[in-house]
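Chemist: Questions regarding the structure given below will be posed in turn.
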Amino acid sequence: MEVLAHLAGNGKTVRVDYFALLKEQRGLASEKLQTNSSTVLELYEELQGRYGFSLKHSSIAVALNDEFADWSEKLSESDKVVFIPPVAGG
Amino acid sequence: MEVLAHLAGNGKTVRVDYFALLKEQRGLASEKLQTNSSTVLELYEELQGRYGFSLKHSSIAVALNDEFADWSEKLSESDKVVFIPPVAGG
Amino acid sequence: MFSLSSKPIDADALKSLVNTQQAGAYVAFEGWVRDHNEGRQVTGLEYEAYEALAVKEGNKILEEAQKFSILKAHCVHRTGALKIGDMAVMVVVSSAHRKEAFVACEFIINEIKKRVPIWKRETYADGSTSWVNCAHGHKTAHGAKS
Amino acid sequence: MFSLSSKPIDADALKSLVNTQQAGAYVAFEGWVRDHNEGRQVTGLEYEAYEALAVKEGNKILEEAQKFSILKAHCVHRTGALKIGDMAVMVVVSSAHRKEAFVACEFIINEIKKRVPIWKRETYADGSTSWVNCAHGHKTAHGAKS
Chain A
4 MEVLAHLAGN GKTVRVDYFA LLKEQRGLAS EKLQTNSSTV LELYEELQGR YGFSLKHSSI
64 AVALNDEFAD WSEKLSESDK VVFIPPVAGG
Chain B
4 MEVLAHLAGN GKTVRVDYFA LLKEQRGLAS EKLQTNSSTV LELYEELQGR YGFSLKHSSI
64 AVALNDEFAD WSEKLSESDK VVFIPPVAGG
Chain C
6 MFSLSSKPID ADALKSLVNT QQAGAYVAFE GWVRDHNEGR QVTGLEYEAY EALAVKEGNK
66 ILEEAQKFSI LKAHCVHRTG ALKIGDMAVM VVVSSAHRKE AFVACEFIIN EIKKRVPIWK
126 RETYADGSTS WVNCAHGHKT AHGAKS
Chain D
6 MFSLSSKPID ADALKSLVNT QQAGAYVAFE GWVRDHNEGR QVTGLEYEAY EALAVKEGNK
66 ILEEAQKFSI LKAHCVHRTG ALKIGDMAVM VVVSSAHRKE AFVACEFIIN EIKKRVPIWK
126 RETYADGSTS WVNCAHGHKT AHGAKS
C-alpha cells in the first residue's frame with residue numbers, strides 16, 4: 004500500500020516554520036517544501052537527516068496548523084508544521 | 004506576703020494605651036493610673052470591672068513596654084501596658 | 006523594612022526597593038478595600054495601629070521571611086481613613102527564583118494579618134461601623150501567650 | 006488576556022486591567038532578567054515566540070486559572086532583546102481573597118514556563134550565546150503528546 008501510494012504521488016507541499024535552535028541550525032525561519040513523509044514524525048526525521056538538527060524528536064514538541072499535535076499526525080497538502088524546541092519563557 | 008506587700012504600699016503608677024474597640028469603650032486613647040494589681044491580667048480584670056470592656060482577656064493579647072507579654076507578667080512602676088484586641092490588618 | 010503610612014502607598018517606590026541585579030523574580034501582594042465583607046456593603050474603613058509594636062513585629066516577620074532564601078522584602082501598611090479600591094497594604098519580595106518569592110510573600114502577608122497590632126473599623130451602607138474581628142470576640146492568633 | 010510585546014511592559018496599565026471593586030487581593034509576578042544563570046554571567050538576552058500558538062496557549066492557561074475562583078487575570082510576555090533588570094514577563098491576578106490570587110498567579114507563571122512556545126537565548130560575558138534548555142536536549146514538558 005505504502006509503495007503504491009508513494010508511486011501514485013504521495014508528495015505534498017507543506018510549510019515549515021523554525022524557531023530558536025532549529026532556526027539557527029536550519030539557517031532560515033520558514034520554508035515551503037515538498038515531502039513524501041506521511042506523518043509529522045517522518046517529516047522531522049527527513050529534515051533532521053538533511054539539516055543535522057541536534058534535537059531528538061523525543062525532546063521537542065510539534066504543532067500542526069498552530070495546534071499542538073501528536074507525532075503520529077498525518078500530513079496534508081498545505082499544512083503548516085512547527086517543531087517546538089524545549090520552551091524557556093518567563 | 005501578698006497582704007503585707009499590699010499594706011506596705013504595692014500601688015504603682017502605670018500608663019495604659021487603648022486601641023480600637025477598647026479605646027471606644029474606654030472613651031480615651033491613653034491614661035496614667037494608679038493600681039494595686041500585681042500582674043497585667045489583674046490590671047485588665049480591674050479595668051474591665053471599671054469600664055465594662057466586652058472582650059474577655061482570653062480573646063485578646065497584651066503588651067508590656069512595647070513587647071508582647073504573658074498575662075502573668077508582673078507590673079512595675081512606670082510600665083506601659085497595651086491590651087491588644089483581635090487584630091485585623093491587611 | 007516594615008512601615009506604616011498615613012498617606013497613599015507609593016507602589017513604584019516600594020517596588021524599587023527590592024530591585025537588584027541578582028533578582029529573577031518579583032512577587033507583590035496588595036490588599037485593596039473591597040465594597041463588601043461578610044455579606045455587608047462596605048462604604049469605607051479606617052485602620053488604627055499600635056505603632057511601636059506594629060513596626061517591631063512587622064520587621065520581625067520580614068526577617069523571618071529570610072528563611073525562604075529571598076533577596077529583599079518590604080511592606081507598607083496604611084493607617085487612617087480609606088475608600089473603596091484604596092490600597093491598604095503592599096508586600097514586595099524579590100528572589101533569584103520564583104518559588105521562593107511566592108512562598109515568602111504569602112508568608113509575610115499571612116503573618117502580618119495574624120500578628121501585627123493593626124485594627125480595621127468598617128463603615129457600612131446603613132452608616133453603622135464595626136471593629137472587624139472584635140464583634141464576636143474571636144480568639145486572637147497573634148503571638149498571644151495567654 | 007495573554008499577549009506578547011516587543012516593547013517594555015507597562016506594569017501600571019496591566020495592573021489597572023484587573024482592578025475591580027469586588028477585589029480585595031492583588032498578586033503580581035514579574036520575571037526580571039538576572040545577571041547570572043546556572044553559574045554563568047549573563048549580559049543580555051533575547052526572547053523569540055511562536056506567536057500564533059503562544060497567544061492561544063497563554064489564553065488557555067488564563068482560562069484554566071479561573072478554576073481558582075479569581076476575578077481577573079492577565080499576562081504579558083516580552084519578545085526581542087532585553088537587558089539585565091528588564092521585565093521579561095508580568096502576571097497580574099485579582100480576587101476577593103488573597104489565597105486564590107497567590108495560587109492562581111503561581112499556577113499561571115508555572116504553566117506559561119512549561120507550555121507556551123517562547124524561547125530564550127542568553128548572551129554571556131565571553132560573547133557566546135545559548136538557547137536556554139536546548140543545549141542539553143531536555144525533555145520538554147509543554148503539552149507534547151509524543
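Protein chains in written order, with my numbering: chain A, 4 to 93; chain B, 4 to 93; chain C, 6 to 151; chain D, 6 to 151.
Think of the CB as a built atom: it goes at the ideal place given N, C-alpha and C, for glycine as much as any other residue.
1. ASP17(C) to VAL17(A), Cα distance in whole Å?
2. Is there a C-beta anywhere in chain A that falls below 8 Å from the one on HIS79(D)?
3. Could I get the ranges of all uninterrupted beta strand (DSSP E) runs contained in the segment 43-128 of chain D, with 3 residues as the minimum, in chain order?
4. Using only CA atoms, which one of ASP69(A), HIS60(A) and TRP74(A) lies nearest to GLN25(A)?
5. Apart from the five residues on each side of it in sequence, which residues of its chain come closer than 8 Å, Cβ to Cβ, to GLU69(D)?
6. Considering only heavy atoms of the ligand COA, does any lie closer than 7 Å to the CB of PHE56(B)?
7. In the DSSP assignment, what are the bridge partners of LYS77(A)?
8. Less than 8 Å between the C-beta atoms of LEU58(A) and VAL43(A), yes or no?
9. Compare the beta carbon distance of VAL65(B) and VAL90(B) with 8 Å and say whether it is the shorter of the two.
10. Would you list the one or two residues that DSSP bridges to THR134(D)?
11. Check whether chain D comes within 8 Å of LYS82(A), counting only Cβ atoms and requiring the distance to be less than that.
12. Quick one: what's got a C-beta closer than 6 Å to SER8(C)'s C-beta in the same chain, skipping five residues either side?
13. Should THR25(C) and LYS65(C) be called a contact, given that it needs their Cβ atoms to be closer than 8 Å?
14. Any beta-carbon of chain C closer than 8 Å to the one on ASP40(D)?
15. Can you tell me the Cα-Cα spacing of LEU67(D) and VAL98(C), whole angstroms?
16. Quick check on DSSP: helix, strand or coil for SER62(B)?
17. Sorted by chain position, which residues of the same chain lie with C-beta nearer than 7 Å to ASN13(B)'s C-beta, five sequence neighbours on each side aside?
18. Hey, is the segment 95-110 of chain C in contact with the segment 42-55 of chain C, meaning 3+ C-beta pairs nearer than 8 Å?
19. Only counting the same chain, and skipping five residues up and downstream in sequence, which positions put a Cβ closer than 6 Å to that of VAL121(C)?
20. Cutting at 6 Å between CB atoms, please list the residues of its own chain near SER11(D), excluding the five before and the five after it.
21. Can you name the residues of chain A whose CB is closer than 9 Å to the CB of LYS61(D)?
22. If you count every other CB in all the chains shown that lies within 10 Å of the CB of GLY36(C), and 16 or more means buried, which is it?
23. Using a 10 Å radius around the Cβ and a threshold of 16 neighbouring Cβ atoms, would you call ALA54(D) buried or exposed?
24. List the residues of chain D whose Cβ lies closer than 7 Å to the Cβ of LEU24(A), in chain order.
25. Give the interface partners of GLU35(C) over in chain D, defined as CB-CB distance under 7 Å, in chain order.
26. Which whole-angstrom value describes the C-beta separation of VAL32(C) and PHE34(D), a residue pair presumed to lie in contact below a C-beta threshold of 8 Å?
27. Measuring straight from C-alpha to C-alpha, what distance separates VAL23(D) and SER100(D)?
28. Go through its chain and collect everything with a Cβ distance to ILE14(D)'s Cβ below 6 Å, but skip five positions before and after it.
29. What is the rounded straight-line gap between the Cα of SER33(A) and the Cα of LYS77(A)?
30. Which same chain residues, not among the five before or five after ASP20(B), have their C-beta less than 6 Å away from its C-beta?
31. In the DSSP output, what is LYS35(B) paired with across the bridge?
32. Is the distance from the Cβ of GLU70(B) to the Cβ of LYS15(B) below 8 Å?
33. Should GLY30(B) be flagged as near chain C, meaning a C-beta pair shorter than 8 Å?
34. Could you pull the start and end residues of the beta strand (DSSP E) that LYS83(A) belongs to?
35. Have a look at the DSSP bridge pairing and note the partners of LEU47(A).
36. Between the alpha carbons of LEU50(C) and TRP124(D), how many angstroms are there, rounded?
Modeler: Looking at the coordinates:
1. 49 Å
2. no
3. 45-54, 77-83, 85-88 and 92-100
4. According to the sequence shown, residue 25(A) is Leu rather than Gln. Of the listed residues, the one whose Cα sits closest to LEU25(A) is HIS60(A).
5. PHE112 and GLU116
6. Because no ligand of any kind appears in the structure shown, any question about the ligand COA cannot be addressed here.
7. THR42(A)
8. no
9. no
10. THR128(D)
11. Reading the sequence as shown, one finds Asp at residue 82(A) and not Lys. It does not: the Cβ of ASP82(A) has no partner Cβ on chain D nearer than 8 Å.
12. VAL81
13. no
14. yes
15. 23 Å
16. helix
17. ASN39 and SER41
18. no
19. ALA59, GLU62 and GLY63
20. THR84 and GLY85
21. ASP69 and GLU70
22. buried
23. buried
24. TRP136 and CYS139
25. TYR31
26. 5 Å
27. 9 Å
28. VAL81, MET92 and MET95
29. 20 Å
30. SER33 and VAL85
31. ARG18(B)
32. no
33. no
34. 83-87
35. With the sequence shown as reference, residue 47(A) is identified as Tyr, and Leu is not the correct amino acid for it. Beta-bridge pairing links TYR47(A) to no other residue.
36. 47 Å
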